[in-house]
Each structure stands twice: as structure tokens, then as C-alpha cells.
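Residue numbers (UniProt numbering), protein chains in the order written: chain A, 1 to 286; chain B, 1 to 350.
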């Protein structure tokens, strides 16, 4: 690396690496990514392009589409933030303590991954409906979860939890205890150790988890549809609008909304990646 | 963990699709000699109906021609089923909730001619149904007719007409009711439907979803639904919990059937598919239809006991009131149509 840097100061496409096989693996990676991700997305954008830029803009600024996009992205962000807090707590408990049933609890975390989302939605709706277990407890206080925007939040927290736990947990397990002990011997209180030492080390992992949970939540359809109530301007998510356009055989309109969602998601993920880079650099990981 | 299991796994990952395809091809070849498989793409609540009809037809057909026919039915929301056919699902016949969806197939995919609906008797509808109410036992809110649905404090369950075929019938029935009551006042009809949707707390995407929300989640005072679904709801969730209220006025729902020409010609199944559709109009099929809570085209051919279950209602058609689906669909349910306007910000229904 250092020799190469000395010999070739300008940027070169193929950086000589001690690992052989760059050409082959790079080719594979590119082909695979193209087949699985880039080409389908390109088709989507191509379909939407039938409307032209101003057509897409018109779709994007329809009050109903705007309201649905707001519902989708804001609720997904809130759910991801909730998972950032409680997911870290769960990861902490699972990696730091040993107690009977830990393995079982560990496995339970993955269930939202495995469950068909429609099943999750039906289960949550049954639970939070005014006549459900939780819903009936809240009903006397006039709190309604199912069939309101709060229902969407509950569903998105449910499907997003494993993303945060599974990204934070391994980092937490690898964290050297010595670092915390060193912090303690230098006179830091436990709160200070967590705040100043542990959390900064976890930050990149938490951000990754939040990004994954957020991205997953934005596109979620199956579970939300059963618990949201789907009222226009209130609890209607953008993916539902896409489905509605499809039902009207309006493929271009559907692709337009999808492209807008894609653009916003991509921008949000880029922003999160940038944040991550910053937090890495602060720690000297870069 | 043995090598065999590993091999199996590898096989499942790599070779399964190819293997499956070849097995399927073999099966298809083996069956080609003696069995014809028809694909029927239908809507949600017809599962039980078409299971019974297909079996009866297969028996009949084998007895008269010696040929074995198997009819596979696929069910789902009418609109999304139509979309699957447009996108390439090879349906020999389509039996959907409304003519508008088959029109869309004809328009978008050209797989059947635009005049498909005139090819079979009664606008290609061998059975009809209507829209009725299901209420909780004892009818605590005293719902008798459409105008009871817009009273304050009455919570109405109906799916989203943008995604549910049945919900479009519900919507048009309400519109037709007010139009009839006011002797043709379109503005009044619109205000009536807006007021009705103001009483709808949840818009599920399909008829079955709404039935679940009403029957199992306990939401809503009244469920607007297909007559056949209403009977099934009572059978499924208990006649001790719900009762059917039949309004004196409703809409005649005509779920049509059609042959998909380009598919049957390609697959060589025209003869069987045509025979099945004609069979739906036969006395035997009419009897099965009535037994499954659909109103048969020829009530005299059905079991009188089954017919007695259908109350007399004054029924109007989409053709009479709305000028057919080709007009009703874009006006009311198209993008920016009347239904979308009901939910415009600042409008009555919000």
C-alpha cells in the first residue's frame, strides 16, 4: 500500500492489493448488484420517466401523495429512533448478562424477520383493536392504537427491532471490557463511561441498525395495512397509494410514487452513511 | 449432518427450479393425453362457489365426452386479479366481480375482444348478487335502510373502493339510493355518499379484511357487503352474534364471466372453456349457484328452499343508473374521481 502510494501518486482504478482475485470478484460483485438491485430499479425509474420530470413533480406534490409520504417517512423515522433506544437496551441485556432463557430470548428477537408481515399485522391489529387485550385496556382512557397512525408506529417498531439488535449486539460483545475498566480507573462514573466511552464506540453500529430499520419500515406494506385504518390524509401510507395506482392500471403513476420514495430513501441513507463516517472519523476508525 | 443432506441442500439451492420445471413438463406431457387443465381467475368470495361448480362440471364433462377436465381457480381482489391477467397470468377464463375489471383486461392486454360482454346471455352474468347490511345481534342502532347509515354515531364498515371490487358496488348502491330518493339529484347523491364515508372509520383494502375487522375486531355498527358474503359471515362467525338487514332498495351486482381468447387458442382449450361457461347457465349449475348464496339467473331451476332465502328487493343496475362500468369506473373511482374528491382536504368527509 505504502509502496504503491509512493510509486503512483495519482488515483488508479485498480489499487494493487496483496489479495489476489480483485478482477474476478469485482466483476462478480458488479454483475450481481446489477442483476439484483440496479436493473430492477432502473426499470422502475424508466417506467416513471414516461411522465417526464414535471409529471413526476406533479404526482409528488399532490396533497394526498404528500400526506402519505409524510406519514410513511415520519412514522418510519420515529419507529427507527424508538428502536435505536430500546434495541440497544435489548442488545445490552442479551450480550452483558447471563440469565436463564437468554438463548430463547435471543432467538425471539429474530421472529419479526421470519414472520410473514401480514401475519404480524393481523396479530397486532387483534391485540390493539378496541376489543383486543391491549386495546381494551387503553379504551377506557380513550387511547386508540389500532386503526390510527399510532398503529402504523407499533407495526414499524415491531418489524424494525431485530435490525438494531442484530447490528449492535456483536459490536457490544466484542467491546473490550478493559476499556470500560480503564475509564473507571481514571475516575469516570458509570454514567460517564456509558456516555463517553461505550456509546461512541457503538454509534456506528447503532446508526447502521437505525438505517436498516428505517429503510425496511419505509417500504413496509403487509403489516401496516391491517392495523393502519388506511384513512386518506391520516393513516394512509405511500406504499398503499402505489398499490391503488396499480389497481387502476396506472403503472406510470405507481412508478412515479415509487421513484419519489426511492429518491427520499436514498437521500436519507446517504445522510445516515455520512453521519456514520463522521462518527467513525471522530473515533479514529477511518 | 450427512453428505446426503448437504447434497440435498445444494440441490435445493441450485437445481430445484430447473428440476421442478422438468418434472412439471413431464407431468404436463403425461397428462396431456387424458386431462385438460383450465385456469379460472376469479375474485375473493367465490372460492366455495367455483369449487362446487368445477367438480360438478368435471363429472358432467367426463360422462358426456370421456375427457377429464380439471379447473383450477385462483382467488383474490377483483382488481388485482385482473392485473395479474394483464401482466401475463394465463387464465383460460376470468370470472370477476365487475365488468370494469374484464374491460380493463380487454383494453390493456387485448387478450379478448372489447365486446366480450355480449357473447353470453344476461351480460355474461350467469348469477347475480346484491349489497346488503350485516349488523350486530338485535340491531342496536336500528338500521333498516341506506339513510340510517349516515346518521351521526353510526359506524359503517366498507372497504376501500379503490382496491376492492365489492366496495365499488357498495358505493354505487348508496349513490343510486339517494339518486332514486331525490329523483335524480346528483349533488344530493354526492353529499349522501360523502356523509356515509364520514361514518367509515377504517378503509380496509378488501371485502374479507373488512368482514374480519367488523366480526372479529368488533369495529363498526354495520357492515356493507355482498349478499353471499353476508350469509357466509353468519355461517362463519355465528348467527347468534350477527344478523342480516336487507334494505328495500339496492343494486343488482352482476359479476361477469368471460373466455380469454388468446389464451384458450394458444393452449387449445377453447372447447372445454366454452363448455364450462355455457354450463354455468345450465339447470344443474343454477342450482349450485343458488345453494352457494348467489342469485341464479333462472330461479325456477334452483331449489325453492334456496331461493326462499333471498328477500325481494328493488334492484337497479349499473347500466341503468350509471351508464355502465366504462362510465362509472373513471367518474367515481379513477384517479382524481369523485371518491378521491370526497377525501380532498377540507371536504366534508374529513
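Ideal Cβ placement from N, Cα and C applies to all residues, glycine included.
Closer than 7 Å to a non-hydrogen atom of the ligand HEM - does that hold for the CB of residue i?
| i | result |
| --- | --- |
| residue 115 of chain A | This structure lacks the ligand HEM; in fact it carries no ligand of any kind. |
So what does residue i bridge to, in DSSP terms?
| i | result |
| --- | --- |
| residue 70 of chain B | B:37 |
| residue 42 of chain B | B:95 |
| residue 250 of chain B | B:315 |
| residue 128 of chain B | B:295 |
| residue 226 of chain B | B:131 |
| residue 190 of chain A | Per DSSP, none; premise fails for residue 190 of chain A. |
| residue 257 of chain B | B:95 |
| residue 136 of chain B | B:242 |
If you count every other CB in all the chains shown that lies within 10 Å of the CB of residue i, and 16 or more means buried, which is it?
| i | result |
| --- | --- |
| residue 97 of chain A | exposed |
| residue 36 of chain A | exposed |
| residue 260 of chain A | buried |
| residue 156 of chain B | buried |
| residue 118 of chain B | exposed |
| residue 63 of chain B | exposed |
| residue 177 of chain A | exposed |
| residue 342 of chain B | buried |
| residue 179 of chain A | exposed |
| residue 171 of chain B | buried |
| residue 99 of chain A | exposed |
Assuming the contact rule is C-beta atoms closer than 8 Å, residue i and residue j should be a hit. Round their C-beta distance to whole Å, please.
| i | j | result |
| --- | --- | --- |
| residue 147 of chain A | residue 222 of chain A | The Cβ separation is near 16 Å, so there is no contact. |
| residue 139 of chain A | residue 149 of chain A | Their Cβ separation, rounded to whole angstroms, is 17 Å, which puts residue 139 of chain A and residue 149 of chain A out of contact at 8 Å. |
| residue 174 of chain B | residue 154 of chain B | Contact flag wrong, Cβ pair sits at about 13 Å. |
| residue 158 of chain A | residue 114 of chain A | Not confirmed; about 13 Å, so no contact. |
| residue 48 of chain A | residue 255 of chain A | 4 Å |
| residue 260 of chain B | residue 85 of chain B | 7 Å |
| residue 87 of chain A | residue 164 of chain A | 3 Å |
| residue 168 of chain A | residue 183 of chain A | That belief does not hold up - the Cβ atoms of residue 168 of chain A and residue 183 of chain A are roughly 19 Å apart, past 8 Å. |
| residue 151 of chain A | residue 128 of chain A | 6 Å |
Residue i by DSSP, collapsed to three states: which one?
| i | result |
| --- | --- |
| residue 144 of chain A | coil |
| residue 244 of chain B | strand |
| residue 59 of chain B | helix |
| residue 64 of chain A | helix |
| residue 156 of chain B | strand |
| residue 362 of chain A | Because chain A here runs from 1 to 286, residue 362 of chain A falls outside it and cannot be looked at. |
| residue 47 of chain B | helix |
| residue 87 of chain B | coil |
| residue 123 of chain B | helix |
| residue 310 of chain B | coil |
| residue 4 of chain B | Only weak support exists for where residue 4 of chain B lies, its pLDDT of 49 falling under 50; the coordinates are left without a value. |
| residue 337 of chain B | coil |
| residue 135 of chain A | helix |
| residue 239 of chain A | helix |
| residue 183 of chain B | coil |
| residue 217 of chain B | coil |
| residue 269 of chain B | coil |
| residue 166 of chain A | helix |
| residue 248 of chain A | coil |
| residue 129 of chain A | coil |
| residue 111 of chain B | coil |
| residue 23 of chain A | helix |
| residue 330 of chain B | helix |
| residue 99 of chain A | coil |
| residue 162 of chain B | coil |
| residue 275 of chain A | helix |
| residue 173 of chain A | helix |
| residue 200 of chain B | coil |
- Query: Does the count of Cβ pairs from the stretch 32-48 of chain B and the stretch 82-96 of chain B closer than 8 Å reach three?
  - Reply: yes
- Message: Measuring CB atoms only, is the stretch 73-86 of chain A touching the stretch 213-222 of chain A, in the sense that at least three cross pairs come out at less than 8 Å?
- Response: yes
- Message: Counting beta carbon pairs with one atom in the stretch 225-241 of chain B and one in the stretch 100-115 of chain B, are three or more of them shorter than 8 Å?
- Response: no
- Counting pairs of Cβ atoms below 8 Å between the stretch 59-72 of chain B and the stretch 223-237 of chain B, do you hit three or more? no
- Should the stretch 202-214 of chain B be called in touch with the stretch 159-179 of chain B, which here means at least 3 C-beta pairs below 8 Å? yes
- Give a yes or no on contact between the stretch 309-322 of chain B and the stretch 176-183 of chain B, applying the rule of three or more CB pairs nearer than 8 Å. yes
- Message: Pairs of beta-carbons, one from the stretch 243-259 of chain B and one from the stretch 141-150 of chain B, closer than 8 Å: are there three or more?
- Response: yes
- Task: Specify whether the stretch 291-302 of chain B and the stretch 113-127 of chain B touch according to this definition: at least 3 beta carbon pairs, one from each stretch, less than 8 Å apart.
- Result: yes
- Task: Say whether the stretch 49-56 of chain A touches the stretch 275-285 of chain A, bearing in mind that this needs 3 or more beta-carbon pairs closer than 8 Å, one atom from each stretch.
- Result: no
- Taking contact to mean at least 3 C-beta pairs separated by less than 8 Å, is the stretch 301-310 of chain B in contact with the stretch 272-291 of chain B? yes
- Message: Between the stretch 196-206 of chain A and the stretch 170-184 of chain A, can you find at least three pairs of beta-carbon atoms closer than 8 Å?
- Response: yes
- Message: Quick test of the definition: if touching needs 3 or more C-beta pairs under 8 Å, does the stretch 232-246 of chain A touch the stretch 65-72 of chain A?
- Response: yes
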